[in-house]
Each structure stands twice: as structure tokens, then as C-alpha cells.
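Please read the structure below before turning to the comments.
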Amino acid sequence: MKKLQTITKENGRYFLTDLIRDEVNFWNTEQSRGEQPPSIQKPAPPDSRIIKLPDRSTWSIPPCDVLAAIANRESHRRFTAASLSLDELAFLLWATQGVRQIIHEAAVLRTVPSAGCRHPFETYLAVLRVDGLESGIYRYLPIDHSLVLERNIENLPAHLAAATRGQGFTGKAAVTFIWTVIPTRTEWRYAEASYKVIALDAGHVCQNLYISCEAIGAGTCAIAAYNQELTDNLLGVDGKEEFSIYISPVGKVDRR
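Heads up: the sequence shown begins at 67 in this note's numbering, then just goes up one per residue.
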């Protein structure tokens with residue numbers, strides 16, 4: 067067992083405040099020093115299998131009353147055996163990390179807000195039941211509105227349950243969204259003041275998933291309790307420069 071790092075309520079709460087902003091030398095950030103910003107999208111490995119997602123103009127997504135969607139938003143841990151369509155998955159991905167406009171190499175406007183327009187997240191998908199996709203771990207390429215197949219995992223439901231500390235409903239969802247963070251994207255602009263805003267940004271993303279699930283008869287449940295090492299290993303990330311930060315399984319729900 068790893069030794070627990072020393073943390074107190076005082077220093078834990080400190081990072082929820084904005085006091086650290088007064089200590090950061092913003093004239094000495096990587097951005098201020100003229101260094102190149104980190105890539106806005108993690109590249110796909112060479113010779114990867116790329117799946118182009120349906121374009122927004124072709125989706126078969128029903129209209130959604132935003133007032134009803136907000137009023138009905140709740141966490142769901144029981145899902146039906148129904149699959150998601152590729153249209154529905156494309157819609158959820160667009161709603162949570164879709165690109166609206168690329169301004170320049172350091173600024174991309176998306177469907178969710180992000181401090182300084184840095185968008186430090188990558189979206190991984192543990193796919194179990196999505197029409198047209200084999201089971202496996204995929205990653206969303208928002209600039210291309212495509213998926214890259216990262217790896218096939220034998221007995222993926224069991225791996226998901228283990229990675230989420232026995233929360234077995236993750237292995238019964240149609241697809242589980244797993245967001246990783248690449249801190250350098252935000253640190254490039256905000257240095258030590260990055261960590262509070264990264265946490266805030268993660269909330270923006272997952273709330274959009276909750277609301278957009280209402281449009282397609284699906285539900286989700288945000289998960290912050292997971293095994294860091296098992297989850298990072300499942301995705302194939304290094305756990306230092308990129309690591310998992312938030313999980314949310316999605317599936318169709320029986321609203322009766």
C-alpha cells in the first residue's frame with residue numbers, strides 16, 4: 067500500500083480558494099515566455115483504426131426541451147440492455163467536448179467552457195453496446211469528430227467494475243465515458259493556479275453529459291471514486307502527464 071501523502075483540511079481547502087493566484091508570477095508562465103502551447107488534441111498512434119462519426123447535420127436526435135431536461139436530470143445506475151446508436155454517441159461527444167471553432171493553435175472554442183480556453187481533457191470511451199462499434203477502449207478526436215480505437219480489452223465489464231472500486235453498473239452501461247486530464251495544457255497559461263480551474267472544467271463537461279442524455283432517453287451517473295492505477299492502466303496512460311480524472315457510464319433507462 068502506498069504511503070498516504072500528508073494533507074490537511076487547511077491546505078486542501080486552500081486550493082479551493084483563489085489565493086494562489088496572488089502568488090503566481092504570470093510573467094513567467096510558459097505562455098509568457100513565448101513557449102509553444104501543448105497540442106489541443108492528443109494525436110492518434112500511427113496506423114490506428116479511425117472511425118468517422120456522423121456529422122451533426124445528419125443526426126437523428128429528437129428535439130429536447132431544455133427546461134424539462136434540467137428538471138428531470140438525475141443520476142442513473144440501472145440501465146437497460148439496449149444499445150446506443152452511433153448518432154447518439156456522436157451527439158453526446160459533441161455535447162461534452164465538441165469543437166465549435168478553432169481560433170488559433172492555442173484557443174479552441176468548444177461546447178463547454180474552459181479556463182483560458184485550454185480544454186485539458188481527453189475523452190476515452192469503454193464501449194460495450196454501441197451500434198457499429200466493437201467492444202473496446204476508444205478515444206474521441208474532437209478536432210476531427212472521429213474515434214480512434216485504442217485497445218481491445220478481454221472481459222471489459224469486469225475491468226470497469228474493478229477500476230471503479232466494485233461499482234458494477236459501469237460494466238452494464240452501453241458506454242462509459244472516462245475523461246483524462248493533460249495538466250500541461252492549462253499549466254502553460256496558469257502555472258500553479260491551474261488545478262482549481264481544471265476541477266471546475268471537469269464539472270462543466272459532465273453536466274453537459276447529464277443534460278444531453280435526457281434528449282436520447284439515456285441516463286448517467288458521475289463517478290469520482292475509482293482506482294487511479296487500474297483506471298489509468300485500462301486506458302494505457304502514464305498516470306503522470308496524463309491521468310484519469312472523472313468517469314460517467316451511460317445507458318438507456320426505463321423511465322417507467
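Glycine included, each C-beta is placed from N, C-alpha and C at the ideal position.
- Query: Is it the case that the Cβ atoms of Phe243 and Ser310 are separated by a distance below 8 Å?
  - Reply: Looking up residue 243 in the sequence shown gives position 177. Looking up residue 310 in the sequence shown gives position 244. Not closer than 8 Å, so no.
- Is it right to say His170 is buried, meaning 16 or more other beta carbons lie within 10 angstroms of its own, or is it exposed? By one-based count along the sequence shown, residue 170 stands at place 104. That one is exposed.
- Message: Can you tell me whether Ile282 is buried or exposed? The criterion is at least 16 other CB atoms within 10 Å of its CB, across all chains shown.
- Response: One-based indexing of the sequence shown puts residue 282 at position 216. Its Cβ being crowded by 16 or more others within 10 Å, Ile282 is buried.
- Which residue spans inside the segment 150-224 form an unbroken alpha helix (DSSP H) run of at least 4? Entirely contained in the segment 150-224, the alpha helix (DSSP H) runs reaching 4 residues are, in chain order, 152-163.
- Query: If we ignore side chains and look at the alpha-carbon of each, how far apart do Thr83 and Lys262 end up?
  - Reply: Locating residue 83 in the sequence shown gives position 17, counting from the first residue. Locating residue 262 in the sequence shown gives position 196, counting from the first residue. Going from the Cα of Thr83 to the Cα of Lys262 covers about 8 Å.
- Message: Based on DSSP bridge pairs, tell me the residues matched to Ser314.
- Response: Along the sequence shown, one-based indexing puts residue 314 at 248. Ser314 is bridged to Phe243.
- So which of Thr250, Gln97, Lys238 and Arg115 has the shortest CA-CA distance to Leu222? Sequence index remark: in the sequence shown, residue 222 carries index 156 (1-based). Nearest C-alpha to Leu222: Lys238.
- Task: Identify, in the order they occur along the chain, each residue of the same chain with its Cβ nearer than 6 Å to the Cβ of Ala135, setting aside the five sequence neighbours on each side.
- Result: As a first step, residue 135 must be located in the sequence shown, where it is residue number 69. Result list for Ala135: Ile277 and Glu280, in chain order.
- Task: Output the distance between the C-alpha atoms of Glu335 and Glu89, rounded to the nearest integer angstrom.
- Result: Given that the chain is displayed from residue 67 to residue 322, the structure contains no residue 335 and the question cannot be resolved.
- Task: With DSSP as the reference, label Gly78 as helix, strand or coil.
- Result: In the sequence shown, the residue the question calls residue 78 occupies position 12. It is helical.
- Query: Cα separation between Val132 and Tyr312?
  - Reply: Start at 1 with the first residue of the sequence shown, and residue 132 comes out as number 66. Start at 1 with the first residue of the sequence shown, and residue 312 comes out as number 246. The alpha-carbon atoms of Val132 and Tyr312 are separated by roughly 24 Å.
- Message: Here's the rule: buried if 16 or more other CB atoms are within 10 angstroms of the residue's CB, otherwise exposed. What is Glu216?
- Response: For this step, residue 216 is matched to residue 150 along the sequence shown. That one is buried.
- CA-to-CA distance, Thr250 to Glu307, given in whole angstroms: Your numbering for residue 307 matches position 241 in the sequence shown. Your numbering for residue 250 matches position 184 in the sequence shown. Cα-Cα distance, rounded: 8 Å.
- Buried/exposed call for Asp298, threshold 16 Cβ in 10 Å: The residue labelled residue 298 in the question sits at position 232 within the sequence shown. The residue is buried, with at least 16 neighbouring Cβ atoms inside 10 Å.
- Message: The beta strand (DSSP E) that contains Lys118, what's its start and end?
- Response: Counting from one through the sequence shown, the residue named residue 118 turns up at place 52. Its beta strand (DSSP E) spans residues Ile116 to Lys118.
- Task: Report all residues from its chain with a CB closer than 6 Å to the CB of Leu199; omit the five preceding and five following residues, and keep chain order.
- Result: Working through the sequence shown from its first residue, we reach residue 199 at position 133. If we look at Leu199 and ignore the five residues flanking it on each side, its Cβ neighbours are Val193.
- Spatial neighbours of Asn218 within its chain, please: CB distance less than 7 Å, with the 5 preceding and 5 following residues excluded, ordered by chain position. Sequence index remark: in the sequence shown, residue 218 carries index 152 (1-based). Excluding positions up to five away in sequence, the list reads Gly202.
- Item | Presumed contact (8 Å Cβ cut-off) between Leu207 and Ala110, rounded CB distance | Within the sequence shown, residue 207 is the residue found at index 141, counting from 1. Within the sequence shown, residue 110 is the residue found at index 44, counting from 1. That pair is a contact at about 6 Å.
- What is the DSSP secondary structure of Phe309, counted as helix, strand or coil? For the purposes of this step, residue 309 is taken as residue 243 along the sequence shown, with counting starting at 1. The three-state reading of DSSP puts Phe309 in strand, counting E and B together.
- Beta-carbon spacing of Val247, Pro186 below 8 Å: Against the sequence shown, residue 247 aligns to sequence position 181. Against the sequence shown, residue 186 aligns to sequence position 120. Taking 8 Å as the Cβ cut-off, Val247 and Pro186 qualify as a contacting pair.
- Task: Find the nearest neighbour of Val214 within the set Gly269, Gly234, Glu188 and Asn77, judged by alpha-carbon distance.
- Result: The count along the sequence shown starts at 1 and reaches residue 214 at position 148. Ranking the options by Cα distance to Val214, first place goes to Glu188.
- Message: Short of 6 Å in beta carbon distance, which residues of its chain neighbour Ser114, apart from the five on each side in sequence? Order them along the chain.
- Response: One-based indexing of the sequence shown puts residue 114 at position 48. These residues qualify, in order along the chain: Val214.
- Message: Using CA atoms only, rank isn't needed, just tell me which of Asn274, Tyr292 and Asn293 is closest to Thr286.
- Response: For this step, residue 286 is matched to residue 220 along the sequence shown. With distances taken between Cα atoms, Thr286 lies closest to Asn274.
- Give me the Cβ distance between Arg144 and Phe235, rounded to the nearest whole Å; I'm assuming they're in contact under 8 Å. As a first step, residue 144 must be located in the sequence shown, where it is residue number 78. As a first step, residue 235 must be located in the sequence shown, where it is residue number 169. Right, their Cβ atoms sit about 7 Å apart.
- Cβ-based neighbour list, Asp320, same chain, cut-off 6 Å, excluding 5 preceding and 5 following: Locating residue 320 in the sequence shown gives position 254, counting from the first residue. Same-chain partners within the cutoff: Thr146.
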